[in-house]
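Chains as they are written, first to last, in the numbering used here: chain V, 374 to 694; chain D, 898 to 1084. Even glycine gets a Cβ: it sits at the ideal position worked out from N, Cα and C.
Below, the structure is given as structure tokens:
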């Protein structure tokens, strides 16, 4: 068993965007996540790394699964967690993000996990507060932990990221998941193709170093990874394509399409899935679907992100434990 | 001719070369055999990174003498340290690997340098989240003194008197890509 020490480290108090990270930092975080994943197999699934720290899940935009994943990650690190959503908080009474954050700072919060509908909200707080800010999705900008858990899952299943053909399919135009994935995968040397109707996948994306295709059938035979994004029905997507039925006909991963994939290719989806729209119900549950592995790995990646940002901040601020 | 040894920092002097390290590890292997009549129960558990290498070598020596396999494991202590934020950089966290169940097993923790005792404490804390071993023993290549906790080692390769600011460097070919050696740099 090799025991060679990686030369890299982590120095950031915040995790705001994949765009700002180096390939080495991303790999260091993924390696750290592998160690934290193993905590889930222990008899006692909890480590004391963040004992005595306070984490606030500030979810100005609603989300259940991401919030629960962060909450569980923080609990497994022994942090104390408080959840705060826009409903029933002062945010609905018109308090600005800055004032909300200043109040949280006055309460001696160590880490804020922020989900917000405005791009740049996490960066805004990171620049103004000493505590660690973890971006859990900011508008159409980035969702860094989703891209990290996707990369972790690809690496776990296929052993590497460099050189793989990754197809990201569907609702890409305003997708922070797609943006974070594009940054991460291109930094680590994957060949990324975005697939969808031209209304949702305009050619401008090619400037990010990826290919654009408007035909799913053209990429099936070469893809190592097919990452299907959810059609965000709540965001009035109807004007972007004629009907859900037509979307499924052209871009849904049906049984027939799945049969044309390479034998080792994997199918991913950030959830929640629209069964029968982006993906055939049987395909979502088949052996090559890694959708539930993504959920498990999300916990490990978020533990690693919380641990690294908190320790880096503690070191920089001269804390003594 | 032995390979040319280059000190890790210019001021470092050589304490042990590869042959001396090998003799020490062989001697500790014999002590472990002597003290643990039922070798099926023992697990040599390395603390990353160089403790893992030392544990693997001890296991190989024991297997060589006793002609039977010896189980090994890894316990990472980063998540359990109480001095993490006092350090200079965030080191890698490695996945831990221990047999299950731990009941009735004797874990022999293996590390390269024994100093404050805080690594050993963190390792014991980490082990307790996997289960409750029958016994934990502690083997170290170098004991440099300056304990901050009531912990002692069961197997010591070499005692080295140091000042608190001295630096001790253990180098293993498989970990560091330089020949095996132990160095000391006086403050």
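TODO: Can you grab the Cα-Cα spacing for the pair residue 1047/D / residue 428/V, in whole Å?
DONE: 34 Å
Open item on the list: I need the boundaries of the beta strand (DSSP E) containing residue 1082/D, first residue and last residue.
Closed with: 1078-1082
Task: Distance between residue 912/D and residue 901/D (C-alpha atoms, nearest Å) - done: 15 Å
- [ ] Would you tell me roughly how many angstroms separate the C-alpha atoms of residue 486/V and residue 638/V, rounded to the nearest one?
- [x] 33 Å
Task: For residue 948/D and residue 1009/D, believed in contact at Cβ under 8 Å, the rounded distance - done: 6 Å
TODO: Name the residue from 495/V, 492/V, 454/V and 488/V whose alpha carbon lies nearest to the alpha carbon of residue 481/V.
DONE: 454/V
Task: Euclidean distance between Cα positions of residue 537/V and residue 1030/D - done: 44 Å
Task: Alpha-carbon to alpha-carbon, residue 1038/D and residue 520/V - done: 42 Å
TODO: Could you check which residue in 599/V, 478/V, 431/V and 604/V has the C-alpha nearest to that of residue 489/V?
DONE: 431/V
TODO: Please go through the same chain and pick out, in chain order, the residues whose beta-carbon is closer than 6 Å to the beta-carbon of residue 1069/D, but skip the five residues on each side of it.
DONE: 947, 950 and 1077
Open item on the list: By DSSP's criteria, residue 457/V is part of a beta bridge. Which residues make up the other side?
Closed with: 431/V
TODO: Give the DSSP bridge partners of residue 1068/D, in chain order.
DONE: 1078/D
Task: N-terminal and C-terminal residue of the alpha helix (DSSP H) that residue 1087/D is part of - done: Nothing about residue 1087/D can be read from this structure; chain D reaches only from 898 to 1084.
TODO: Step through the CB atoms of chain V and report whether any lies within less than 8 Å of the CB of residue 925/D.
DONE: no
Open item on the list: Can you give me the C-alpha to C-alpha distance between residue 683/V and residue 939/D, rounded to a whole angstrom?
Closed with: 37 Å
- [ ] Please list the partners that residue 1026/D has in chain V, where partner means a Cβ-to-Cβ separation under 9 Å.
- [x] 412, 415, 416, 417, 418, 419 and 420
TODO: Mind listing, in chain order, the continuous alpha helix (DSSP H) runs of no fewer than 4 residues lying wholly within the region 921-978 of chain D?
DONE: 947-963
Task: Under the three-state DSSP convention, the category residue 627/V falls into - done: coil
Open item on the list: Is residue 992/D close to chain V? Criterion is C-beta to C-beta, closer than 8 Å.
Closed with: yes
- [ ] Flag this pair as touching only if the region 570-588 of chain V and the region 539-549 of chain V have three or more C-beta atom pairs under 8 Å; answer yes or no.
- [x] yes
- [ ] Could you tell me whether the region 958-975 of chain D touches the region 991-1011 of chain D, where touching means 3 or more Cβ pairs closer than 8 Å?
- [x] yes
- [ ] For the alpha helix (DSSP H) holding residue 473/V, just list the boundary residues, first then last.
- [x] 470-479
TODO: Quick one: using the 10 Å Cβ neighbour count with 16 as the cut-off for buried, is residue 422/V buried or exposed?
DONE: buried
- [ ] Would you mind reading off the limits of the alpha helix (DSSP H) that contains residue 654/V?
- [x] 654-657
- [ ] Say whether chain V places a C-beta atom closer than 8 Å to the C-beta of residue 1043/D.
- [x] no
- [ ] Output yes if chain V places a C-beta closer than 8 Å to the C-beta of residue 1002/D; else output no.
- [x] no
TODO: Taking 8 Å as the cut-off, decide whether the C-beta atoms of residue 1014/D and residue 1044/D are in contact.
DONE: yes
TODO: For residue 616/V, count neighbouring Cβ atoms within 10 angstroms of its own Cβ and tell me buried if that reaches 16, exposed if not.
DONE: exposed
TODO: Using three-state DSSP, classify residue 675/V as helix, strand or coil.
DONE: helix
TODO: Provide the residue span of the beta strand (DSSP E) that contains residue 508/V, from first to last.
DONE: 505-511
Task: Amino acids of chain V, ordered along the chain, whose beta-carbon sits closer than 9 Å to that of residue 973/D - done: 408 and 411
Open item on the list: Looking at residue 1036/D: is its Cβ nearer than 8 Å to the Cβ of residue 944/D?
Closed with: no
TODO: Quick one: measure Cβ to Cβ for residue 539/V and residue 590/V, integer angstroms, because I've assumed they're closer than 8 Å.
DONE: No, residue 539/V and residue 590/V are not in contact; Cβ-Cβ is about 17 Å, not under 8 Å.
Task: Limits of the unbroken alpha helix (DSSP H) element including residue 404/V - done: 396-412
- [ ] Just the C-alpha distance for residue 677/V and residue 930/D, rounded to the nearest angstrom, thanks.
- [x] 39 Å
TODO: Rounded to whole angstroms, what's the CA-CA distance from residue 693/V to residue 986/D? Just pull it up for me.
DONE: 14 Å
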